[in-house]
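One structure is given here, and the rest of the page talks about it.
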Amino acid sequence: VRRSFHAFPPGDVAVAGVALGAAWALKAFYSLADAGALQWILAPTVRLAQWASGVAFAWEPHVGWMSRETLFLVAPACAGVNFLIAAFVSLCLGLAPACRGTGERAALVAGSAVAAYAATVLANATRIALAVRLHAAGAAWGPLSPERLHCALGVAVYFGFLLALFALSSRAIEARRATA
Amino acid sequence: VSRPRLPLVLVPWAVYVGVTVVAPAVNGATRDPAFADHAVITLGVSGAVLLLWLAAMRRRSAVPRVSGSSARSRP
Numbered sequence: 233v234r235r236s237f238h239a240f241p242p243g244d245v246a247v248a249g250v251a252l253g254a255a256w257a258l259k260a261f262y263s264l265a266d267a268g269a270l271q272w273i274l275a276p277t278v279r280l281a282q283w284a285s286g287v288a289f290a291w292e293p294h295v296g297w298m299s300r301e302t303l304f305l306v307a308p309a310c311a312g313v314n315f316l317i318a319a320f321v322s323l324c325l326g327l328a329p330a331c332r333g334t335g336e337r338a339a340l341v342a343g344s345a346v347a348a349y350a351a352t353v354l355a356n357a358t359r360i361a362l363a364v365r366l367h368a369a370g371a372a373w374g375p376l377s378p379e380r381l382h383c384a385l386g387v388a389v390y391f392g393f394l395l396a397l398f399a400l401s402s403r404a405i406e407a408r409r410a411t412a
Numbered sequence: 347v348s349r350p351r352l353p354l355v356l357v358p359w360a361v362y363v364g365v366t367v368v369a370p371a372v373n374g375a376t377r378d379p380a381f382a383d384h385a386v387i388t389l390g391v392s393g394a395v396l397l398l399w400l401a402a403m404r405r406r407s408a409v410p411r412v413s414g415s416s417a418r419s420r421p
């Protein structure tokens with residue numbers, strides 16, 4: 233056990249600690265937050281989804297963003313905070329072993345936070361734009377009821393974006409290492 | 347003797363499943379009847395996307411790459 237623990241450099245353990253601590257704090261905040269407290273992530277996401285889908289959303293205080301045209305609600309549960317946490321933690325844990333020195337590790341944590349936020353807005357706007365179409369069409373397929381289809385679409389979009397974000401970030405670090 | 351290395355892409359999958367299925371289950375979401383549906387769909391769809399990604403990466407690495415300079419230098 234001791235040997236395997238020492239296989240992880242202290243710098244990587246520190247990055248993991250910061251990432252998991254931030255994830256825990258964000259999850260605790262999210263569990264109590266209403267739509268107003270999540271405007272920092274809901275508003276840009278809905279604006280982008282509105283632009284992509286052509287469906288107008290209006291702000292409903294304490295509830296979220298509502299499309300009266302399609303009766304589609306973007307509620308706090310749709311804010312994408314779980315994806316934000318998954319993206320941030322994945323980048324920190326997966327790419328920390330490629331970093332050398334405290335400066336690179338600090339840049340990784342800060343860069344991961346920015347990249348995770350941007351990816352969340354983009355992925356969630358894509359998901360909402362597609363889900364609005366699915367909802368309007370009332371699509372269902374075999375055992376996939378409209379609710380299950382909505383869930384499956386969400387997982388496919390979110391996880392596809394997560395893999396793409398991770399692959400792009402890994403390549404960026406490799407390219408930076410090659411030119412250094 | 348080096349141990350076989352796991353693909354790094356398993357990190358985002360493990361974290362995603364941890365955040366969306368394991369953490370809610372630990373916090374008591376299993377009492378909600380809809381959680382089983384959510385867990386099956388999350389594991390099934392993310393697993394399928396992961397397998398497709400790994401297959402695409404394997405196929406890509408199996409195709410020999412010809413760089414511009416080496417292609418030009420060939421007779």
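Quick mapping for you: the protein sequence lines, in order, are chains A and B. Under the working numbering, the first residue of the first sequence carries the number 233, and numbering increases by one thereafter. Under the working numbering, the first residue of the second sequence carries the number 347, and numbering increases by one thereafter. Glycine is no exception: its CB is placed at the ideal position from the N, C-alpha and C atoms.
With fewer than 16 neighbouring CB atoms inside 10 Å of its own CB, B/R406 falls in the exposed class.
Interface annotation for the region 382-398 of chain A against chain B: C383, A384, V387, A388, F391, G392, L394, L395, F398, criterion Cβ-Cβ distance under 7 Å. Taken in chain order, no unbroken stretch of alpha helix (DSSP H) lies wholly in the region 327-352 of chain A with a span of 4 residues or more.
Proximity to A/A248 across A/A399, A/C324, A/W297 peaks at A/C324, based on C-alpha coordinates. Between A/A307 and A/V295, the beta carbon gap of about 7 Å places them in contact (Cβ cut-off 8 Å). In chain order, V357, V361 make up the part of chain B whose C-beta sits under 8 Å from the C-beta of A/L325. Contact of A/S402 with chain B by beta-carbon distance below 8 Å involves L354. According to DSSP, residue pairing for A/G296 in a beta bridge involves A/E292. Counting every other CB atom within 10 Å of its CB across the protein chains shown gives B/W359 a total of 16 or more, marking it as buried.
Across the structure, A/A410 and A/R403 are spaced so that their CA atoms are roughly 10 Å apart.
A contact is defined here as three or more CB-CB pairs under 8 Å, and the region 279-291 of chain A fails this definition with respect to the region 329-349 of chain A.
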